[in-house]
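Position 29 of the sequence shown, counting from 1, maps to 29 under this note's numbering, and the rest follow consecutively.
Backbone N, C-alpha and C define an ideal beta-carbon position, used for all residues, glycine too.
Notes follow the structure.
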Amino acid sequence: MIRSELVQKLCSDFPDLSQREVENVVAALFDSITDQLAKGGRVELRGFGAFSTRQRDARTGRNPRTGEAVEVDAKRVPYFKPGKEMRERLNLSGEVAE
Numbered sequence: 001m002i003r004s005e006l007v008q009k010l011c012s013d014f015p016d017l018s019q020r021e022v023e024n025v026v027a028a029l030f031d032s033i034t035d036q037l038a039k040g041g042r043v044e045l046r047g048f049g050a051f052s053t054r055q056r057d058a059r060t061g062r063n064p065r066t067g068e069a070v071e072v073d074a075k076r077v078p079y080f081k082p083g084k085e086m087r088e089r090l091n092l093s094g095e096v097a098e
């Protein structure tokens, strides 16, 4: 599902809200999560999961075309850990979750 599909789904689930209002809510949610992660924080949505960042150390990588060594800087990367309810829904025995 892409962002526009999410907006359309929410519009159909909440017909009293305009598409512009739903787009603003989705944008505000994503911006809030991103801002908190940029500050080094964590965002936990009970039943869904937790967003955080992890530190990656500097390393020597390889250019796939030439094979030459390339220095890769240290960086923070986003990390998502699914919540217990999500894991259980994804692993229903013999059923397809939609």
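Buried or exposed for residue i, going by 16 or more other Cβ atoms inside 10 Å?
i     : result
VAL22 : buried
Less than 8 Å between the C-beta atoms of residue i and residue j, yes or no?
i     : j     : result
PHE30 : PHE51 : no
ARG76 : GLN55 : yes
LEU17 : PRO78 : no
GLU71 : THR60 : yes
Candidates the options: which alpha carbon is nearest residue i's?
i      : options                      : result
THR34  : THR53, LEU6, GLY47 and ALA74 : THR53
LEU45  : GLU5, LEU17, GLY83 and LEU6  : GLY83
ALA58  : ASP73, ARG3, GLU68 and ALA69 : ASP73
GLU133 : PHE48, LEU10, GLN36 and GLU5 : The question about residue 133 has no answer here: the residues shown for the chain are numbered 1 through 98.
VAL25  : GLY40, THR60, GLN8 and ALA38 : GLN8
ALA27  : LYS39, LEU10 and ASN63       : LEU10
Counting only runs of 3+ residues fully inside the stretch 6–71, write out the beta strand (DSSP E) ranges in chain order. 43–45, 49–56 and 59–62
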